[in-house]
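Comments concern the structure below.
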Amino acid sequence: MFHDRWEPGMKEVLLQAVQLSVLSCTEQLADQRWNCSLGASRIRILHKAFKETAFLYAITAAAIAHTTARACAAGHLTACSCDLAYPRGSSPAAERWRWGGCSHNVRFAGQFTRRLLRKRGRSEERRPALLVHKHNWKVGIKALLGEITPRCKCHGVSGTCQLQTCWKQVGPFGRTGAVIKEKYLTAVRSAPQPATDARRPVGDVSVRTNTIISRRRRRGRGRGRRRGRGRGRDRDRRRRRPPSVGPSRKLVYTDKSPSFCERDAYGPGTVGRRCQLGGHCAVLCCGRGYNTQLSSLVTSCNCRVLWEQRSVRVDCQSCTNVTEVYTCK
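Numbering (UniProt numbering), first residue to last: 1 to 329.
Here it is as structure tokens:
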């Protein structure tokens, strides 16, 4: 199902995912102190475990899954195609509709995204923050899965819609981004794990696994031996599960975020940023106050359609709208 070498279509899919995640990040965090500013500061944030880091990992994972699912259904990738599986609990034959068409392959997209991000973090597997990053990847993918909607097409004589053919598709990514932003605003802080604890489960599991297998091999052959080995593997899988770092649908972080008020290694600060009157200016400007300026915008107004002998002409007036603009000191 997966290929070690990238096919040409996958490079384009990943490029679209990067563009989509950047656009969504800037839209969703436009009113926050850290507004997803690009550059070296963003790279430094990715190396931390801030609340903003959690948002970046979640929105990136969701964007990769989103573009991959759509590319599978569009036939742009050879590794996947439409998702033809029925949702659990559905019985199309008993209804006046049936599953068909070409559903966005969110199952493949989720598996591919998790595998891709795991390969990225493999060189960092001794970092305790990796467990947090993996958790936030999954939260982002779950946010995308929660926005899947059915789309249907009617069939019948003279548009009577006697039967509907329905398929699943991912919704507009703006909805997924809004869900992840809400999770960002309600993110929970988890206690950082010592480096020794982060390494120990891997070593313990490998030792216990070898011990279990060696004991099973010394036992006799037969059906009972195979059953015992299966139970041993089940126990081994449970031991391999990483420890929980937080609620499964909550974004999690371990490092306290900087204020992002002044320019530093993690952002450009909020000086000169536009704000809205009320509590937003107080928060965004970090208590420094704000400047008020008048902004003029000339637009067309009072337009009329004038019918002439052989033509139609639209006649408009020019109106000047003056508004107040507030920027942080």
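Ideal Cβ placement from N, Cα and C applies to all residues, glycine included.
Fair warning: this is a prediction, and the values are worked out from it, not measured in the lab.
| Asked | Found |
| --- | --- |
| Using only CA atoms, which one of Ser244, Arg249, Val283 lies nearest to Ser259? | Val283 |
| Considering Cα atoms alone, identify which of Gln309, Glu52, Thr327 is closest to Glu182. | Glu52 |
| Determine whether the beta carbon atoms of Thr320 and Leu294 lie at a separation below 9 Å. | no |
| For Cys285 and Ser300, which I take to be in contact (beta-carbon distance under 8 Å), what is that distance rounded to the nearest angstrom? | Between Ser300 and Cys285 the Cβ distance is about 35 Å, and since that is not below 8 Å, they are no contact. |
| Kindly give me the distance between the Cβ atoms of Ile59 and Ser21, rounded to whole angstroms, as I take these residues to be in contact under 8 Å. | 5 Å |
| Looking at the unbroken alpha helix (DSSP H) that takes in Gln16, where does it start and where does it end? | 8-28 |
| By alpha-carbon positions, which one of Cys261, Tyr326, Cys303 ends up nearest to Gly278? | Tyr326 |
| Here's the rule: buried if 16 or more other CB atoms are within 10 angstroms of the residue's CB, otherwise exposed. What is Trp34? | buried |
| Three-state secondary structure (DSSP) at Asn302? | strand |
| Please report how far the alpha carbon of Phe112 lies from the alpha carbon of Val106, in whole angstroms. | 10 Å |
| List the residues that DSSP assigns as beta-bridge partners of Val312. | Trp307 |
| Can you give the Cα-Cα distance for Ile43 and Ala265, rounded to whole angstroms? | 10 Å |
| Check Asn136 in the structure and name its three-state DSSP category. | helix |
| Taking C-beta to C-beta, are Gln138 and Ala61 nearer than 9 Å? | Residue identity check: residue 138 is Lys in the sequence provided, not Gln. Yes. |
| What residue from Pro172, Ser103, Leu131, Cys102 has the CA that sits closest to Arg114's CA? | Leu131 |
| Compare the Cα-Cα distances from Arg249 to each of Cys152, Lys142, Leu116 and report the closest residue. | Lys142 |
| Can you look up Cys166 in the DSSP assignment and give me helix, strand or coil? | strand |
| From which residue to which residue does the alpha helix (DSSP H) around His280 run? | 279-284 |
| Within 10 Å of its beta-carbon, does Cys328 have 16 or more other beta-carbons around it, so buried, or fewer, so exposed? | buried |
| Compare the C-alpha of Lys168 against each of His135, Asp255, His66, Arg118 and name the closest. | His66 |
| With a threshold of 6 Å on Cβ separation, who are the neighbours of Tyr57 within its own chain once the five nearest residues in sequence on each side are excluded? | His133, Asn136, Trp137 |
| Run through the DSSP bridge pairs and tell me what Glu324 is partnered with. | Leu294 |
| Under the assumption that Ala187 contacts Val252 (Cβ atoms under 8 Å), give the Cβ distance between them as a whole number of angstroms. | 7 Å |
| Might you give, ordered along the chain, the residues of its own chain that have their beta carbon closer than 7 Å to the beta carbon of Ile213, omitting 5 neighbours on each side? | Because the pLDDT at Ile213 is just 34, under 50, the model does not fix this residue reliably, and the value given afterwards should be weighed accordingly. Cβ neighbours of Ile213 beyond the five flanking positions: none. |
| Go ahead and pull the three-state DSSP assignment for Lys153. | strand |
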